[in-house]
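Engineer: Sharing a structure with you now.
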Amino acid sequence: MGNIRKIRKILKSMPTVEGAGVHLKRAFGFNHVPELDPFLLLDDFHSNDPKKYIMGFPWHPHKGIETITYVLQGNVEHGDSMGNKGATGPGDVQWMTAGSGIIHQEMPKGDADKNLWGFQLWANLPASHKMMDPRYQEVKSDQIPEITRDNGIRIKIICGSIDGVQGPVTDIVTDPEYFDIEVPADTSFEYPTKPGYTVLAYVIEGEGCFDPGNDQYSYEIDGAKYFDLESGSGPDIGKENLIMFDDGDSIVVRAGKDGVRFLLMTGKPIGEPVAWYGPVVMNTQEELQQAFEDYRNGTFVK
Numbered sequence: 001m002g003n004i005r006k007i008r009k010i011l012k013s014m015p016t017v018e019g020a021g022v023h024l025k026r027a028f029g030f031n032h033v034p035e036l037d038p039f040l041l042l043d044d045f046h047s048n049d050p051k052k053y054i055m056g057f058p059w060h061p062h063k064g065i066e067t068i069t070y071v072l073q074g075n076v077e078h079g080d081s082m083g084n085k086g087a088t089g090p091g092d093v094q095w096m097t098a099g100s101g102i103i104h105q106e107m108p109k110g111d112a113d114k115n116l117w118g119f120q121l122w123a124n125l126p127a128s129h130k131m132m133d134p135r136y137q138e139v140k141s142d143q144i145p146e147i148t149r150d151n152g153i154r155i156k157i158i159c160g161s162i163d164g165v166q167g168p169v170t171d172i173v174t175d176p177e178y179f180d181i182e183v184p185a186d187t188s189f190e191y192p193t194k195p196g197y198t199v200l201a202y203v204i205e206g207e208g209c210f211d212p213g214n215d216q217y218s219y220e221i222d223g224a225k226y227f228d229l230e231s232g233s234g235p236d237i238g239k240e241n242l243i244m245f246d247d248g249d250s251i252v253v254r255a256g257k258d259g260v261r262f263l264l265m266t267g268k269p270i271g272e273p274v275a276w277y278g279p280v281v282m283n284t285q286e287e288l289q290q291a292f293e294d295y296r297n298g299t300f301v302k
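Per our numbering, the sequence shown starts with residue 1, numbered consecutively.
Written as C-alpha cells, this is what we have:
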C-alpha cells in the first residue's frame, strides 16, 4: 500500500453542553484549527436521558460552512429560514451547506427507548464558496449504499467512493470522503488515501490498532491526564477517540478482539485564514463582524 500513514495525534472527546442544554462529547473544535483543515468540529451526541438532549438547538444562524448530521438512533427534527422542515432519522444524513447564510433549528427526539445517538461534523468552505446559495442534501438510510467485503468488513458510503461504489452526497468543494466502517475481530482494513489530504478516524464502538508501527509512545494524546499511565498501555484505541493521521497514501486498521467501528473522514485542506465565532466561520475579522451586524439587522439571509 506504499507509504502507510502513521498516527500524528489522538484527541480524546470531551464532555460539553451546547445549544439550550444538549450534553455531548466534542471530539475536536475551535482549539484545533487549522490542523484539521478543512474540518472544524465533530460532536458526538449519545444519551438515553431526554433531559440531556430534549431542549435541543433552537433557532440559530450558520454562515460560511457545511454542517453534516448523521443519526444512528432517535430523530433530529429540523426547520430553517428557507421554509424547509423535516426529520433526520436512524441511518439518515443531512448535509447542509450554509453558504451565504441560513437560520435553522435542530431539535433532537429519542426513540421509543429514549435513546439518541448521532454526530455532527462541520466542514469549512473556501473564500470562493463562502457566499454560495444555501442548500441541503437530504439522504435517507436506504439511499446510502453499504458494501460487505469477503472478510466481513462492512462500509456505509455517505460521501466518496469505495470498491467502485459511489456515495449519494456529491459536488462538495473540499472533495471529502465520509464512511461508517465496521471491521470484524482480528481483521485488517486497508484503504488508499490521497497524499496531502487530511485523514481522520473517530472510533464509535470496539477498539482497534490504527498504526501498523504499534508504537503508542510516538504520538501525543490530547485530553489525557499528564500522569495517566494507561494512555500508553497498548496499541488499540477505543471508542470516543479521534485519530489524526500523518501524511501518506494509505491507512491500515486492525480490529481488536471485539471488532471496531469508526467514522473515516478525509478532505482537501483549504489553507486559508479562519475567522470563527460561534456558528459563523469567515476568512477575516471584518467579514465576521459584518455577518453578525447583518444578523442583528435582519439582513443575514441573502
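Every residue, glycine too, gets a C-beta built ideally from N, C-alpha and C.
Can you list, in chain order, the residues of its chain whose CB lies under 6 Å from that of M265, leaving out five sequence neighbours each side?
Structural biologist: Here residue 265 refers to the residue found at position 265 when the sequence shown is read from its first residue. Same-chain partners within the cutoff: Y178, L200.
Engineer: Please go through the same chain and pick out, in chain order, the residues whose beta-carbon is closer than 8 Å to the beta-carbon of F39, but skip the five residues on each side of it.
Structural biologist: Your numbering for residue 39 matches position 39 in the sequence shown. So the qualifying residues of the chain are F28, L121, W122, A123, N124, T198, L200, M265, G267.
Engineer: Taking the straight line between their C-alpha atoms, what separation do you get for H129 and V281?
Structural biologist: Walking along the sequence shown from the start, residue 129 turns up at place 129. Walking along the sequence shown from the start, residue 281 turns up at place 281. Taking the straight line joining both Cα atoms gives about 12 Å.
Engineer: What is the DSSP secondary structure of K51, counted as helix, strand or coil?
Structural biologist: The residue you call residue 51 lines up with position 51 of the sequence shown. In this structure, K51 counts as helix in the three-state DSSP scheme.
Engineer: Pull up the distance between the alpha-carbon of V76 and that of G99, whole angstroms please.
Structural biologist: As a working note, residue 76 is residue 76 in the sequence shown. As a working note, residue 99 is residue 99 in the sequence shown. In a straight line, the C-alpha of V76 is about 22 Å away from that of G99.
Engineer: Could you say if the segment 252–266 and the segment 179–194 meet the contact criterion of at least three C-beta pairs nearer than 8 Å?
Structural biologist: yes
Engineer: Going by DSSP, what residues sit across from W59 in a beta bridge?
Structural biologist: In the sequence shown, residue 59 corresponds to position 59, counting from 1. Secondary-structure assignment with DSSP links W59 through no beta bridge to anything.
Engineer: Measuring CB to CB, does G223 end up less than 8 Å from K6?
Structural biologist: Position 223 of the sequence shown holds residue 223. Position 6 of the sequence shown holds residue 6. No.
Engineer: Find the nearest neighbour of T170 within the set Q143, R149, I181, P195, judged by alpha-carbon distance.
Structural biologist: As a first step, residue 170 must be located in the sequence shown, where it is residue number 170. It is Q143 whose Cα lies nearest to the Cα of T170.
Engineer: For E35, count neighbouring Cβ atoms within 10 angstroms of its own Cβ and tell me buried if that reaches 16, exposed if not.
Structural biologist: Start at 1 with the first residue of the sequence shown, and residue 35 comes out as number 35. The residue is exposed, with fewer than 16 neighbouring Cβ atoms inside 10 Å.
Engineer: Any idea which residues DSSP pairs G89 with across the strands?
Structural biologist: As a first step, residue 89 is located in the sequence shown; it is residue number 89 there, counting from the start. The partner list for G89 (beta bridge, DSSP) is empty, contrary to what the question assumes.
Engineer: Give the single residue among N48, K302, V183, P273 whose Cα lies nearest to the Cα of D150.
Structural biologist: What you label residue 150 is simply residue 150 of the sequence shown in a count that begins at 1. Measuring from the Cα of D150, the nearest candidate turns out to be V183.
Engineer: Taking the C-alpha atoms as reference points, what is the distance between V22 and P50?
Structural biologist: Locating residue 22 in the sequence shown gives position 22, where the first residue counts as 1. Locating residue 50 in the sequence shown gives position 50, where the first residue counts as 1. Approximately 9 Å, taken between the alpha carbons.
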